[in-house]
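Numbering (our numbering), first residue to last: 2 to 300. In what follows, a single structure is set out as structure tokens and then discussed.
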């Protein structure tokens with residue numbers, strides 16, 4: 002068989018298609034597909050383009066390269082990339098919450114508001130840049146690796162599944178401890194030895210810091226579970242699903258822009274720095290609701 006025939010057979014079996022099913026999708030006979038796979042004939046350009054679209058591969062890979070070897074290389078790179086993505090997204094989102102936490106902590110310790118605001122914006126900028134880089138890297142990776150074969154063993158998946166509930170419980174427990182501190186902030190001491198006095202905001206800062214840790218645990222463990230779901234990764238790279246994600250991304254982008262505007266207006270115009278950070282978690286919740294609605298309509 003030629004490289005094309007071997008590649009076609011590999012991609013067809015990977016998609017769990019019979020020769021008859023593939024022939025129906027391409028509007029050709031089963032014998033034609035059989036000849037392509039045996040290397041005795043080649044499809045027309047129109048059919049080649051249809052095959053590339055169906056298998057999410059480029060023409061050069063389909064016609065000339067060794068698809069099996071390329072897929073093997075993809076699986077090795079997939080593990081490294083997904084772990085890197087997992088860490089970057091966790092760090093980016095946790096930093097955003099930590100920015101608000103440090104604002105409350107330092108303001109509660111009596112730091113000047115301009116200094117505290119500057120530190121908050123510096124942390125927020127770093128967090129946003131980390132998330133932007135992670136998003137661009139993911140788009141490039143998915144474009145170059147649209148289809149990954151299943152390669153994790155059932156034992157590897159089972160080992161992670163055993164630890165997953167523990168991670169979730171740890172995240173919930175951390176947030177609940179923070180909530181307990183926030184609920185009793187008014188009753189905690191304000192005066193310490195050596196003339197040190199703190200404001201109530203300090204304890205809200207501890208609450209937000211624990212929330213950042215808890216949310217970080219959720220994200221890190223959740224992305225870890227998603228890493229093992231290669232079937233879902235492959236489905237997400239289908240063009241129909243990608244269009245759905247684009248709609249969700251546009252809506253969520255607009256919502257977070259509005260949240261940012263509300264944050265700046267409340268802070269600079271009305272001097273509500275101690276509460277205006279709420280715009281971001283509220284915007285995130287609205288994004289989640291919009292995503293559920295849009296995806297529900299697709300089903």
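Backbone N, C-alpha and C fix where the C-beta goes; we use that ideal spot for every residue, glycine too.
CA-to-CA, the gap between residue 198 and residue 108 works out to about 12 Å. The C-beta distance from residue 179 to residue 211 rounds to 3 Å, short enough to fall under 8 Å.
Of 127, 125, 104, the smallest CA-CA separation from residue 116 is found for 104.
One Cα belongs to residue 171, the other to residue 275, and the distance between them is close to 28 Å. Non-local C-beta neighbours of residue 264 in its own chain, meaning closer than 6 Å and more than five positions away in sequence, comprise 277, 280, ordered along the chain. In the DSSP annotation of this structure, the continuous segment of the alpha helix (DSSP H) that includes residue 54 starts and ends at 46 to 56.
Between residue 18 and residue 37, the C-beta spacing is not below 9 Å. Going by DSSP, residue 35 is part of the alpha helix (DSSP H) stretching over 31 to 39. One thing to note: residue 126 has its Cβ no nearer than 9 Å to the Cβ of residue 224.
Residue pairing by DSSP places residue 192 opposite 198 in a beta bridge.
In the displayed model, residue 149 falls within coil according to three-state DSSP, outside both helix and strand. The residues 179, 182, 183, in chain order, have a CB closer than 6 Å to that of residue 208 in the same chain once the five nearest residues on each side in sequence are set aside. If you draw a straight line from the Cα of residue 34 to the Cα of residue 23, it is about 8 Å long.
An exposed status is given to residue 189, since fewer than 16 other beta-carbon atoms sit within 10 Å of its beta-carbon. Bounds of the alpha helix (DSSP H) holding residue 160 are 155 to 184.
Distances from the CA of residue 238 to each of 141, 81, 147 were compared; the closest alpha carbon is that of 147.
Less than 9 Å separates the beta-carbon of residue 100 from that of residue 121.
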